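Input: a single structure, listed below in structure tokens.
Protein chains: 4
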Amino acid sequence: MSEEKAAAEQLPPAEMARRCAEAMWRDDHASQALGMRIEDIGPRYASLSMTIRRDMLNGHASCHGGLIFALADSAFAFACNWSNRLTVASSGTIEFLAPGREGDVLTATAQERSRAGRTGVYDATVCNQAGDLVALFRGRSYTVPGELIPGVELTEN
Amino acid sequence: MSEEKAAAEQLPPAEMARRCAEAMWRDDHASQALGMRIEDIGPRYASLSMTIRRDMLNGHASCHGGLIFALADSAFAFACNWSNRLTVASSGTIEFLAPGREGDVLTATAQERSRAGRTGVYDATVCNQAGDLVALFRGRSYTVPGELIPGVELTEN
Amino acid sequence: MSEEKAAAEQLPPAEMARRCAEAMWRDDHASQALGMRIEDIGPRYASLSMTIRRDMLNGHASCHGGLIFALADSAFAFACNWSNRLTVASSGTIEFLAPGREGDVLTATAQERSRAGRTGVYDATVCNQAGDLVALFRGRSYTVPGELIPGVELTEN
Amino acid sequence: MSEEKAAAEQLPPAEMARRCAEAMWRDDHASQALGMRIEDIGPRYASLSMTIRRDMLNGHASCHGGLIFALADSAFAFACNWSNRLTVASSGTIEFLAPGREGDVLTATAQERSRAGRTGVYDATVCNQAGDLVALFRGRSYTVPGELIPGVELTEN
Numbered sequence: 054m055s056e057e058k059a060a061a062e063q064l065p066p067a068e069m070a071r072r073c074a075e076a077m078w079r080d081d082h083a084s085q086a087l088g089m090r091i092e093d094i095g096p097r098y099a100s101l102s103m104t105i106r107r108d109m110l111n112g113h114a115s116c117h118g119g120l121i122f123a124l125a126d127s128a129f130a131f132a133c134n135w136s137n138r139l140t141v142a143s144s145g146t147i148e149f150l151a152p153g154r155e156g157d158v159l160t161a162t163a164q165e166r167s168r169a170g171r172t173g174v175y176d177a178t179v180c181n182q183a184g185d186l187v188a189l190f191r192g193r194s195y196t197v198p199g200e201l202i203p204g205v206e207l208t209e210n
Numbered sequence: 054m055s056e057e058k059a060a061a062e063q064l065p066p067a068e069m070a071r072r073c074a075e076a077m078w079r080d081d082h083a084s085q086a087l088g089m090r091i092e093d094i095g096p097r098y099a100s101l102s103m104t105i106r107r108d109m110l111n112g113h114a115s116c117h118g119g120l121i122f123a124l125a126d127s128a129f130a131f132a133c134n135w136s137n138r139l140t141v142a143s144s145g146t147i148e149f150l151a152p153g154r155e156g157d158v159l160t161a162t163a164q165e166r167s168r169a170g171r172t173g174v175y176d177a178t179v180c181n182q183a184g185d186l187v188a189l190f191r192g193r194s195y196t197v198p199g200e201l202i203p204g205v206e207l208t209e210n
Numbered sequence: 054m055s056e057e058k059a060a061a062e063q064l065p066p067a068e069m070a071r072r073c074a075e076a077m078w079r080d081d082h083a084s085q086a087l088g089m090r091i092e093d094i095g096p097r098y099a100s101l102s103m104t105i106r107r108d109m110l111n112g113h114a115s116c117h118g119g120l121i122f123a124l125a126d127s128a129f130a131f132a133c134n135w136s137n138r139l140t141v142a143s144s145g146t147i148e149f150l151a152p153g154r155e156g157d158v159l160t161a162t163a164q165e166r167s168r169a170g171r172t173g174v175y176d177a178t179v180c181n182q183a184g185d186l187v188a189l190f191r192g193r194s195y196t197v198p199g200e201l202i203p204g205v206e207l208t209e210n
Numbered sequence: 054m055s056e057e058k059a060a061a062e063q064l065p066p067a068e069m070a071r072r073c074a075e076a077m078w079r080d081d082h083a084s085q086a087l088g089m090r091i092e093d094i095g096p097r098y099a100s101l102s103m104t105i106r107r108d109m110l111n112g113h114a115s116c117h118g119g120l121i122f123a124l125a126d127s128a129f130a131f132a133c134n135w136s137n138r139l140t141v142a143s144s145g146t147i148e149f150l151a152p153g154r155e156g157d158v159l160t161a162t163a164q165e166r167s168r169a170g171r172t173g174v175y176d177a178t179v180c181n182q183a184g185d186l187v188a189l190f191r192g193r194s195y196t197v198p199g200e201l202i203p204g205v206e207l208t209e210n
């Protein structure tokens, strides 16, 4: 059993966050199909961007709120899964502050606010290329059994 | 002025809701691109469905939360724009209760809970084809100046 | 061990809900100090009322939003602790739809919408004596180890 | 009419925030009855404290969530009414992160995140005397016609 333990690959936090993001991204067909890009990743935070395409506009000619939510939700997902403990969203709240227009580049930056036991709270801002605040997001996470990358764990310190 | 008034087309509520939905749908590239379908529409409510495609899955192999939100948000948008008064989402909250799997058919049904002055509250449920509750959504609406269909108004009674 | 098991008092659902409410109420100094009254209680739901006193008014001469929240939160607490599994609120959202005035009698009715594993979602409405909707509340619950009444369990069936 | 205009008292932002807080506080029976204290006040923010009394405990021997909400909601109210434009809460969301115990001194600090037209978004943190985060609050505001202090306006600049 101690041998099994020794076999586990140990990663420092920044490397762990990067590896978990890679593992999640590979299978994240939705974020890929929406043209999202990972801009920055690290322990407890993530930043993703998305260009608003024509097929993302709603009946009011602005970006569909669900797709702004999706960008923030993806940033949240990368931020809360950074340590290889499988974590899902249990709920999310978004405030729509300004419309997104076709061609705008939105960037969502998510940051951990609290984590205790199996639950966590993460905040994200969504800004456009001019730095205007487009939306505020708050997500609640729930950690379930399982790993993103089997046999990899955080460096003990 | 009374002549101008006389020129406005008057529609009963059910017809008005149908016409507003048609007008919104025509330009709602996002809902169309996500394969949504309007299942039912009427005064203060709307029901939309969406089949979960492979390109809607997230890194945990379940439907991306943003796309479940998008379906509920679209139903909310159709429900709160039924009377030809231009109305946008100011915020939304979603509870994720069960995962959506590839091939599942989700149906979001939104209903007005409150409307006073320029603000409203709408609830939506999202269920899968087995009738299981997948998500609960609550949206807050804000009515802005403008109409969806110029010159059309509700029948007075 | 089977003897220990036999020693546990078994209660049917309605009786269990009543007994848990009694146990919680005894120590619920806050709900008592705010003059709340349990109007109805049962499995997965609870209804509580509160008369708006002068010392509950805010600087706008209407009932302080925190006290409307408190009434809904108490109804939620009784609804989610009905089965003798210790359960706390992890978050709550309230929509303020109409003001409460001094002397108004508010009634909050909370109902379970979902419960799976350790988490649950509960909705509550808050109405005044005229039946007007004053607020909509949604609470998220989290079940922790522990019982309200030691050694009491639900009748198996 | 220009004379009337000339008669209006003009106040710089910090002074305006202080005067509006005084005016609101005078009639805020609820915040007073809960023993709240204004710790800091200024344009777009407010900080209030409250000591958890025995009559604030719930059936789990921790501070009733409604009273933690009330503290954050009061801080939010002072933050969003700073400029003498009558503003009410349209909704609020709170995350309960750690329990409050009898004797704890909670401090809620609210800050404007967004304000456009008649609506605003405010965030508040609630911490205890050790600096531990007890709750996160987000409130949505709605500005209605009216002033807190008749005939007083912000210095033009």
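Chains as they are written, first to last, in our numbering: chain A, 54 to 210; chain B, 54 to 210; chain C, 54 to 210; chain D, 54 to 210. Ideal placement from N, C-alpha and C gives every residue a C-beta, glycine not left out. Keep in mind that this is a model prediction, so the values were computed, not measured.
Item, Value
"Using 10 angstroms around the beta-carbon of residue 208 of chain A, count the other beta-carbons present and answer buried if the total reaches 16, otherwise exposed.", "exposed"
"For the beta strand (DSSP E) containing residue 142 of chain D, name the first residue and the last one.", "140–149"
"Against residue 166 of chain D, what residues of chain B qualify as contacts under a CB-to-CB distance less than 7 Å, listed in chain order?", "What residue 166 of chain D touches in chain B: nothing, since even the nearest Cβ is about 12 Å away."
"Which residue or residues does DSSP assign as beta-bridge partners of residue 129 of chain C?", "DSSP, once it has assigned bridges, lists no residue as partnering residue 129 of chain C."
"Taking the straight line between their C-alpha atoms, what separation do you get for residue 196 of chain C and residue 62 of chain C?", "21 Å"
"Tell me which residues share the same chain as residue 84 of chain B and place their Cβ nearer than 6 Å to its Cβ, disregarding the 5 neighbours each side in the sequence.", "127"
"Report the three-state DSSP secondary structure of residue 89 of chain C (helix, strand or coil).", "coil"
"Give the range of the alpha helix (DSSP H) segment to which residue 69 of chain B is assigned.", "66–80"
"Are at least three pairs of beta-carbons, each pair with one atom in the segment 145–163 of chain B and one in the segment 140–153 of chain A, less than 8 Å apart?", "yes"
"Got a sec? Which residues, its chain only, sit under 7 Å from residue 134 of chain A by beta carbon, not counting five neighbours each side?", "73, 77, 140 and 201"
"Is it the case that the Cβ atoms of residue 192 of chain B and residue 131 of chain B are separated by a distance below 7 Å?", "no"
"Which chain D residues sit within Cβ distance under 8 Å of residue 195 of chain B?", "172"
"Closest Cβ-Cβ distance between residue 111 of chain B and chain A: below 7 Å?", "yes"
"Residue 97 of chain D by DSSP, collapsed to three states: which one?", "coil"
"I need the boundaries of the beta strand (DSSP E) containing residue 108 of chain D, first residue and last residue.", "Neither: residue 108 of chain D is in no beta strand (DSSP E) and is coded neither H nor E."
"Are residue 163 of chain D and residue 99 of chain D touching if we call contact CB-CB under 7 Å?", "yes"
"Output yes if chain C places a C-beta closer than 7 Å to the C-beta of residue 140 of chain B; else output no.", "no"
"Residues bridged to residue 192 of chain A by DSSP?", "A/145 and A/175"
"Under three-state DSSP, which class holds residue 114 of chain B?", "coil"
"Between residue 123 of chain A and residue 173 of chain A, what straight-line distance do the alpha-carbon atoms span, to the nearest angstrom?", "19 Å"
"List the residues of chain A that residue 120 of chain D touches, going by C-beta distances under 7 Å, in chain order.", "Correct list: empty, because the minimum Cβ distance to chain A is about 20 Å."
"So, is the C-beta of residue 160 of chain C closer than 7 Å to a C-beta in chain B?", "no"
"Could you tell me the boundaries of the beta strand (DSSP E) in which residue 168 of chain D lies?", "158–169"
"Are there 16 or more other CB atoms within 10 angstroms of the CB of residue 184 of chain B, so buried, or fewer, so exposed?", "exposed"
"Buried or exposed: which applies to residue 125 of chain D, given that a residue is buried once 16 or more other Cβ atoms fall within 10 Å of its Cβ?", "buried"
"How long is the line joining the alpha carbons of residue 95 of chain B and residue 107 of chain A, rounded to whole angstroms?", "28 Å"
"To the nearest angstrom, report how far apart residue 115 of chain B and residue 121 of chain B are at their CA atoms.", "11 Å"
"Given this structure, state the Cα-to-Cα distance separating residue 182 of chain D from residue 160 of chain D, to the nearest angstrom.", "8 Å"
"Within 7 Å (strictly less), CB to CB, does residue 124 of chain A reach chain D?", "no"
"Between the Cα of residue 203 of chain A and those of A/137, A/112, A/104 and A/167, spot the shortest distance and give me the residue it belongs to.", "A/137"
"Using Cβ-Cβ distances below 9 Å, what residues of the segment 76–88 of chain B are close to chain A?", "76, 77, 78, 79, 80, 81, 82, 83, 84, 85, 86 and 87"
"Under 7 Å Cβ to Cβ from residue 103 of chain A, same chain only, skipping five residues before and after it: list those, please.", "87, 88, 89, 124 and 159"
"Would you identify the three-state DSSP class for residue 207 of chain B, choosing helix, strand or coil?", "strand"
"What residue from D/67, D/92, D/109 and D/69 has the CA that sits closest to residue 157 of chain D's CA?", "D/109"
"For residue 143 of chain A, which residues in chain C fall below 8 Å Cβ to Cβ?", "172 and 193"
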